[in-house]
Amino acid sequence: MKNNMRLTALNTFFSFCVASVLILSLNLRKYEKSIWNKIYIAAFTDEDKRIDEITGEIRLIKGIRNVMFFSKEMVADSFGSKLVGKTTLNKLDSVFPAALFKIYLNEMDFENFTETVQKISLIKGIKSVDDGGKAVRNLFKFFEKLKTLIFAAEIILIIVCLIAGFETILEGKEMRNRFMYLRERGFGKETIIMKNLTPIVFIPLISAIVSIFILFVIWKHAGDSLADFLNTTETLAVFLISFFPWFFIISGK
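Heads up: the sequence shown begins at 1297 in this note's numbering, then just goes up one per residue.
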């Protein structure tokens, strides 16, 4: 029974560890998505007569989510007072010499981002492109490293849970053999239930309920639709981990 409880506690503990890492991963996705939705590529042009044509060419680039155009006058109204105080549009030309495109992207991995910036800069009529510079590139690298660390932690914890789960199954089989042995020896039904079925069934059952609760909490933290959530590899992993206690119960019958 002590081994039974130890393995069940171990399985539950690592389930909590996996759940914690998965919740961190899901929250990171939400945080990362909210940041990328605020980042845009600024493209400047001085060809006012070709605005619609340039806008169309930008929209044809793969991964573009939205394009917003600001004329010189709009730039002056939006940014002029913050940058140069009350001034004329001619003086503002020294700060914003051209009209501005704000370009938002769908795909925010670093390779596609740099490639998209290059494609925008090659469009005829685009005078210059500002991709956010070093700050945005460092942000990309930070998220890539963080996602790699989290993914590695997920893999390690899932492997540990697999090992703990299989040990739990083996322990359940041992308890089942003990149950059969006691029954062959003529022990009473009440004694068998108290000494064997209680640790085999009820303790793993609590572990299983806890695992299902963890799954529910992760779903609430996901913040996405149920369909999107069920498509994640993390959900598959949690279902796998949550199912181990039931293996334990089945093997102990």
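Where is the CB? At the ideal position from N, CA and C, for every residue including glycine.
First through last residue of the alpha helix (DSSP H) which encompasses residue i
{"i": "aspartate 1348", "result": "1347-1355"}
Residue range of the unbroken beta strand (DSSP E) whose run includes residue i
{"i": "serine 1424", "result": "1422-1426"}
{"i": "isoleucine 1416", "result": "No beta strand (DSSP E) holds isoleucine 1416; the alpha helix (DSSP H) holding it covers 1406-1417."}
{"i": "asparagine 1362", "result": "1360-1366"}
Cross-strand partners of residue i (DSSP beta bridge)
{"i": "isoleucine 1331", "result": "DSSP, once it has assigned bridges, lists no residue as partnering isoleucine 1331."}
{"i": "leucine 1396", "result": "Phe1340 and Phe1366"}
{"i": "leucine 1401", "result": "Ile1360"}
Residue closest to residue i, alpha-carbon to alpha-carbon, out of the options
{"i": "isoleucine 1422", "options": "Glu1407, Ala1448 and Gly1352", "result": "Gly1352"}
{"i": "isoleucine 1335", "options": "Lys1420, Ile1452 and Phe1436", "result": "Phe1436"}
{"i": "asparagine 1362", "options": "Leu1324, Glu1440, Ile1337 and Glu1369", "result": "Ile1337"}
{"i": "arginine 1325", "options": "Glu1343, Ile1451 and Phe1439", "result": "Phe1439"}
{"i": "methionine 1370", "options": "Ile1350, Ile1354, Phe1397 and Arg1346", "result": "Phe1397"}
{"i": "glycine 1429", "options": "Val1413, Leu1418, Lys1441 and Ile1419", "result": "Val1413"}
{"i": "arginine 1346", "options": "Ile1416, Lys1420, Tyr1400 and Asn1333", "result": "Lys1420"}
{"i": "isoleucine 1600", "options": "Lys1368, Arg1433, Ile1350 and Leu1442", "result": "Missing from the structure shown is residue 1600; the chain here goes from 1297 to 1549 and no further."}
{"i": "asparagine 1333", "options": "Asp1342, Val1432, Ser1367 and Lys1368", "result": "Val1432"}
{"i": "tyrosine 1327", "options": "Lys1443, Ile1451 and Ala1448", "result": "Lys1443"}
{"i": "lysine 1329", "options": "Lys1441, Asn1434 and Leu1401", "result": "Leu1401"}
Distance between beta carbons of residue j and residue i, contact taken as under 8 Å
{"i": "alanine 1395", "j": "aspartate 1344", "result": "6 Å"}
{"i": "serine 1340", "j": "serine 1424", "result": "The identity of residue 1340 in the sequence shown is phenylalanine, whereas the question assumes serine. Yes, phenylalanine 1340 and serine 1424 are in contact; Cβ-Cβ is about 5 Å, under 8 Å."}
{"i": "isoleucine 1416", "j": "isoleucine 1331", "result": "The Cβ separation is near 20 Å, so there is no contact."}
Below 8 Å, can you find three or more Cβ-Cβ pairs linking the region 1408-1415 to the region 1353-1365?
Put simply, the region 1408-1415 touches the region 1353-1365. At least three CB pairs are less than 8 Å apart.
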